[in-house]
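Peer 1:
Residue numbers (my numbering): 9 to 319.
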């Protein structure tokens with residue numbers, strides 16, 4: 009199994025923030041496992057250390073590039089050249105002008121913020137405990153109650169609050185939103201069969217043969233793959249979506265599902281399944297019944313309406 013995934017509610021100990029991701033590894037599991045352990049820490053570092061007005065899609069783009077560079081450094085040090093496709097989802101509460109509701113790192117102690125430093129992160133994360141979020145959590149229960157009062161006052165002065173979903177992906181890992189019973193794809197498949205991607209690779213001095221980069225890799229963008237980095241870049245496709253009452257759930261999955269199941273088919277299969285975990289199992293079982301031969305990672309995120317402080 010070369011896949012990895014991660015999800016965090018109240019991401020950064022901020023009410024209404026969520027992080028969800030799937031990483032589909034190839035040529036080894038190191039890149040996917042590393043991203044599952046550390047990608048969200050790098051994103052959190054960017055959120056904390058950039059101006060509040062910085063577009064989130066820009067933050068996701070910079071995080072992907074930072075992580076991609078880090079994986080290349082790790083590859084040079086330990087001699088691994090694995091890579092992974094990736095799809096990440098970041099959900100948060102915002103005012104109508106796009107400003108986040110409350111400080112991005114409202115619940116994180118100064119000690120924890122100091123520790124959320126990518127330069128200090130070990131190249132072998134399985135040897136260490138998760139640091140920033142776990143350190144902060146025990147010390148923020150009281151602060152959370154104080155935050156709620158402060159945020160409620162701010163909400164009354166700044167107006168209505170919306171939920172915004174930010175998606176970023178490289179490769180063929182995909183995110184599909186169910187809106188009004190219809191599938192809405194929020195990602196882009198970066199494959200050798202795509203004419204624009206094939207042209208980009210040719211312009212960079214590579215070639216596409218049998219829909220594979222240099223006859224080897226089926227995806228044209230990924231994290232890692234340091235030996236092919238000149239052609240297989242880590243620049244993500246990003247989307248920003250304001251959620252509405254019609255939005256029911258989000259499916260995040262690797263190509264093991266999408267190779268054998270269309271977007272609308274996936275939505276219809278779980279339309280009436282209430283429990284997200286059970287919905288994930290339904291999609292997994294369907295892929296297996298269709299003889300999917302790839303690794304399978306499926307995540308379903310419920311987007312049902314919630315009260316302001318119950319996200």
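Virtual Cβ for every residue (Gly too), placed ideally from N, Cα, C.
Because the structure is a prediction, the values reported are computed rather than measured.
Go ahead and label residue 182 buried or exposed: buried means 16 or more other beta carbons lie within 10 angstroms of its beta carbon, across all protein chains shown.
Peer 2: Counted from its first residue, the chain shown places residue 182 at position 174. That one is buried.
Peer 1: Closest by CA to residue 68, which one among 18, 48, 82, 84?
Peer 2: Taking the first residue of the chain shown as position 1, residue 68 is located at position 60. When each option's Cα is compared against that of residue 68, the closest is 48.
Peer 1: Go ahead and label residue 236 buried or exposed: buried means 16 or more other beta carbons lie within 10 angstroms of its beta carbon, across all protein chains shown.
Peer 2: Taking the first residue of the chain shown as 1, we reach residue 236 at position 228. Burial call: buried.
Peer 1: Considering residue 263, what are the terminal residues of the alpha helix (DSSP H) in which it resides?
Peer 2: Here residue 263 corresponds to residue number 255 of the chain shown, with the count starting at 1. Its alpha helix (DSSP H) spans residues 263-266.
Peer 1: Quick one, are the C-beta atoms of residue 371 and residue 232 less than 9 Å apart?
Peer 2: Given a span of 9 to 319 for the chain in the structure shown, any question on residue 371 remains unanswerable.
Peer 1: Hey, how far is the Cα of residue 289 from the Cα of residue 64?
Peer 2: Here residue 289 refers to the residue found at position 281 of the chain shown. Here residue 64 refers to the residue found at position 56 of the chain shown. Cα to Cα, residue 289 sits roughly 31 Å from residue 64.
Peer 1: Tell me residue 196's beta-bridge partners as DSSP assigns them.
Peer 2: As a first step, residue 196 is located in the chain shown; it is residue number 188 there, counting from the start. Paired residues: none, contrary to the question.
Peer 1: Which residues does DSSP pair with residue 307 in a beta bridge?
Peer 2: As a first step, residue 307 is located in the chain shown; it is residue number 299 there, counting from the start. Residue 307 pairs with 260.
Peer 1: Out of curiosity, what's the CA-to-CA distance linking residue 31 and residue 105?
Peer 2: The residue given as residue 31 occupies position 23 in the chain shown. The residue given as residue 105 occupies position 97 in the chain shown. Going from the Cα of residue 31 to the Cα of residue 105 covers about 32 Å.
Peer 1: Please classify residue 168 as buried or exposed, where buried requires at least 16 neighbouring CB atoms within 10 angstroms.
Peer 2: Along the chain shown, one-based indexing puts residue 168 at 160. The C-beta of residue 168 has fewer than 16 other C-beta atoms within 10 Å across all chains shown, which makes the residue exposed.
Peer 1: Within the same chain, show all residues whose beta-carbon is closer than 6 Å to that of residue 312, passing over the 5 residues directly before and after it, in chain order.
Peer 2: In the chain shown, counting from the first residue as 1, residue 312 sits at position 304. If we look at residue 312 and ignore the five residues flanking it on each side, it has no Cβ neighbours.
Peer 1: Mapping the DSSP letters down to three states, classify residue 78 as helix, strand or coil.
Peer 2: Translated into the one-based positions of the chain shown, residue 78 becomes position 70. If DSSP states are grouped into helix, strand and coil, residue 78 belongs with the helices.
Peer 1: Take residue 46 as the anchor and find which of 191, 12, 62, 170 has the nearest alpha-carbon.
Peer 2: Sequence index remark: in the chain shown, residue 46 carries index 38 (1-based). Selection 191, 12, 62, 170 evaluated against residue 46 yields 12 as nearest (Cα-Cα).
Peer 1: Can you name, in chain order, every residue of its own chain whose Cβ lies under 7 Å from the Cβ of residue 250, other than the five neighbours on each side?
Peer 2: As a position in the chain shown, residue 250 is number 242, starting the count at 1. Hits under 7 Å: 170, 172.
Peer 1: Measure the C-alpha to C-alpha separation of residue 317 and residue 56 and round it to an integer number of angstroms.
Peer 2: Locating residue 317 in the chain shown gives position 309, where the first residue counts as 1. Locating residue 56 in the chain shown gives position 48, where the first residue counts as 1. In this prediction, residue 317 scores a pLDDT of 36, lower than 50, which makes its location untrustworthy; the coordinate-derived value is nonetheless stated afterwards. C-alpha of residue 317 to C-alpha of residue 56: approximately 21 Å in a straight line.
Peer 1: Relative to the C-alpha of residue 88, which candidate in 243, 36, 262, 187 has its C-alpha closest?
Peer 2: For the purposes of this step, residue 88 is taken as the residue at position 80 of the chain shown. That would be 36, whose Cα lies nearest to the Cα of residue 88.
Peer 1: With a Cβ-Cβ cutoff of 9 Å, do residue 298 and residue 262 count as a contact?
Peer 2: Reading the chain shown from its first residue, position 290 is the one you call residue 298. Reading the chain shown from its first residue, position 254 is the one you call residue 262. In this structure, residue 262 does not lie closer than 9 Å to residue 298 by Cβ.
Peer 1: Cutting at 7 Å between CB atoms, please list the residues of its own chain near residue 50, excluding the five before and the five after it.
Peer 2: Numbered from 1 along the chain shown, position 42 holds the residue referred to as residue 50. Correct list, in chain order: 71, 74, 75, 126.
Peer 1: If distances are taken between C-alpha atoms only, which option among 218, 225, 253 comes closest to residue 188?
Peer 2: Position 180 of the chain shown holds residue 188. When only C-alpha atoms are compared, the closest one is 253.
Peer 1: State the DSSP-derived secondary structure class of residue 217, mapped to helix, strand or coil.
Peer 2: In the chain shown, the residue the question calls residue 217 occupies position 209. Residue 217: strand per DSSP, three-state reduction.
Peer 1: Going along the chain, which residues of its own chain have a beta-carbon closer than 6 Å to the beta-carbon of residue 191, five neighbours each way excluded?
Peer 2: As a working mapping, residue 191 is identified with position 183 in the chain shown. Taking residue 191 as the centre and dropping the five residues before and after it, the same chain places the C-beta of 184, 271, 272, 275 closer than 6 Å to its C-beta, in chain order.
Peer 1: Who are the near neighbours of residue 287 in its chain, counting only those whose CB is closer than 6 Å to its CB and skipping five residues on each side?
Peer 2: Position 279 of the chain shown, counted from the start, is the residue given in the question as residue 287. Around residue 287: 278, 281, 308.
Peer 1: Whole angstroms are fine: how far does the CA of residue 59 sit from the CA of residue 294?
Peer 2: Here the question's residue 294 lines up with position 286 in the chain shown. Here the question's residue 59 lines up with position 51 in the chain shown. If you take the alpha carbons of residue 294 and residue 59, they lie about 44 Å apart.
Peer 1: Apart from the five residues just before and just after residue 247, which ones in its own chain have a Cβ nearer than 6 Å to its Cβ?
Peer 2: Reading the chain shown from its first residue, position 239 is the one you call residue 247. Excluding residues within five positions, the ones whose Cβ falls inside 6 Å are 175, 194.
Peer 1: In this structure, does DSSP put residue 273 in helix, strand or coil?
Peer 2: Here residue 273 corresponds to residue number 265 of the chain shown, with the count starting at 1. DSSP places residue 273 in helix when its eight states are reduced to three.
Peer 1: Enumerate in chain order the residues of its own chain whose CB-to-CB distance from residue 212 is below 8 Å, with the five nearest sequence positions on each side excluded.
Peer 2: Looking up residue 212 in the chain shown gives position 204. Within the same chain, residue 212 has close Cβ partners 238, 239.
Peer 1: Roughly how many angstroms lie between the CA atoms of residue 94 and residue 86, to the nearest whole one?
Peer 2: As a first step, residue 94 must be located in the chain shown, where it is residue number 86. As a first step, residue 86 must be located in the chain shown, where it is residue number 78. Using only the alpha carbons, I get a separation of about 22 Å.
Peer 1: What are the residues that DSSP puts in a beta bridge with residue 15?
Peer 2: The count along the chain shown starts at 1 and reaches residue 15 at position 7. 28, per the DSSP bridge assignment.
Peer 1: Could you tell me if residue 10 is buried or exposed, where buried requires 16 or more neighbouring beta carbons within 10 angstroms of its beta carbon?
Peer 2: Your numbering for residue 10 matches position 2 in the chain shown. Buried, because 16 or more other Cβ atoms sit within 10 Å of the Cβ of residue 10.
Peer 1: Along the chain, which unbroken stretches of the alpha helix (DSSP H) at least 4 residues long are found entirely within the segment 46-103?
Peer 2: 64-86
Peer 1: Under three-state DSSP, which class holds residue 126?
Peer 2: By 1-based counting over the chain shown, the position of residue 126 is 118. Bear in mind that a pLDDT of 44 at residue 126, under 50, signals an unreliable position, so the number given afterwards is only what the model happens to contain. Helix at residue 126.
Peer 1: Following the continuous beta strand (DSSP E) through residue 183, name the residue where it begins and the one where it ends.
Peer 2: Here residue 183 refers to the residue found at position 175 when the chain shown is read from its first residue. It spans 182-187 - the beta strand (DSSP E) in which residue 183 sits, taken as one unbroken run.
Peer 1: In the structure shown, what three-state DSSP assignment does residue 227 receive?
Peer 2: If you number the chain shown from 1, residue 227 lands on position 219. Strand, per DSSP.
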